[in-house]
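Undergrad: Questions regarding the structure given below will be posed in turn.
Numbering (our numbering), first residue to last: 674 to 935.
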């Protein structure tokens with residue numbers, strides 16, 4: 674989306690699995706419709722998420738309904754070749770399994786530039802945390818630098834989930850505190866009116882309103898190792914760790930609309 678904004682172009686996001694259906698020929702028709710919309714909206718940036726779901730290497734899709742996956746990939750290749758004439762439509766794909774992508778899709782004139790984007794480093798994690806909490810009230814006791822240092826190997830989605838969980842727990846704590854103050858006020862009024870002492874039951878166990886939460890990484894070390902090995906054996910543009918920029922194109926998320934329980 675940021676690339677489309679920088680280029681003053683339209684943006685179409687396509688989830689790979691959404692193009693696939695159980696009906697013969699309908700998946701190919703979905704591919705044609707998507708590319709027709711992109712041509713009509715030119716200049717346009719097309720973003721294919723989970724590209725490996727529709728662009729697996731051909732020949733290894735036995736049992737998928739007569740090679741339906743191969744037919745979808747062939748249709749994508751045909752449509753991509755037909756877009757080269759105008760030069761005002763751009764195609765971007767994202768995958769965490771680049772080793773499964775068909776080699777024909779990576780030839781010059783198609784997806785010919787491969788960019789390996791590693792997990793964010795410490796400064797990038799700090800920037801992500803600040804962006805996620807930009808419009809949310811944050812306690813002065815929260816040390817974002819410590820959190821960024823302690824979350825090595827966490828992806829941007831992991832950090833966003835941590836911020837969302839923290840916001841929900843803070844809301845729950847605030848509600849429980851308000852309920853406690855209201856209950857205490859009622860008890861004091863009752864004592865003043867009836868001149869009786871309310872004895873609290875010490876044996877009563879209350880449920881912890883803030884249960885312990887352990888957040889696990891969404892990207893394992895094995896996933897990172899597999900992508901790094903693929904980047905070493907394939908031609909990739911140089912992208913430093915924690916950054917997502919190459920050439921004049923800047924890959925930066927616009928978090929202005931991400932409002933976390935402000």
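For every residue, glycine included, the Cβ atom is placed at its ideal position computed from N, Cα and C. Fair warning: this is a prediction, and the values are worked out from it, not measured in the lab.
Between the C-alpha atoms of residue 774 and residue 813, what's the straight-line distance to the nearest angstrom?
TA: 47 Å
Undergrad: From which residue to which residue does the alpha helix (DSSP H) around residue 704 run?
TA: 699 to 713
Undergrad: Can you tell me which of the three DSSP states residue 922 falls into?
TA: Annotation note: pLDDT 37 at residue 922 (below 50); position unreliable, coordinate value reported separately. Reduced to three states, the DSSP call for residue 922 is strand.
Undergrad: Using three-state DSSP, classify residue 743 as helix, strand or coil.
TA: helix
Undergrad: Going by Cα to Cα distance, which pick from 853, 762, 825 and 834 is closest to residue 893?
TA: The residue among 853, 762, 825 and 834 with its C-alpha nearest the C-alpha of residue 893 is 825.
Undergrad: Run through DSSP, which three-state label would residue 883 get?
TA: In this predicted model, residue 883 has a pLDDT of only 42, less than 50, meaning its place in the structure is not dependable; the value taken from the coordinates is given anyway. It is coil, neither helix nor strand.
Undergrad: Can you grab the Cα-Cα spacing for the pair residue 704 / residue 748, in whole Å?
TA: Residue 704 and residue 748: Cα-Cα distance of roughly 7 Å.
Undergrad: Could you give the first and the last residue of the continuous beta strand (DSSP E) run that contains residue 720?
TA: That run of the beta strand (DSSP E) goes 717 to 722.
Undergrad: Restricting to Cα atoms, I'd like to know which of 796, 681, 699 and 776 is closest to residue 750.
TA: 776
Undergrad: Exposed or buried, which one is residue 861 when buried takes at least 16 other CB atoms within 10 Å?
TA: exposed
Undergrad: Check this for me: beta carbons of residue 727 and residue 779, under 8 Å apart or not?
TA: no
Undergrad: Taking residue 719 and residue 687 to be in contact with their CB atoms under 8 Å, please state how far apart those CB atoms are, rounded to whole angstroms.
TA: 7 Å
Undergrad: Please name the residue or residues paired with residue 763 in a DSSP beta bridge.
TA: 718
Undergrad: Would you check if there are 3 or more beta carbon pairs closer than 8 Å linking the stretch 754 to 772 to the stretch 802 to 816?
TA: no
Undergrad: Between which residues of its own chain and residue 709 is the CB-CB distance below 6 Å, once the five residues before and five after are set aside?
TA: none
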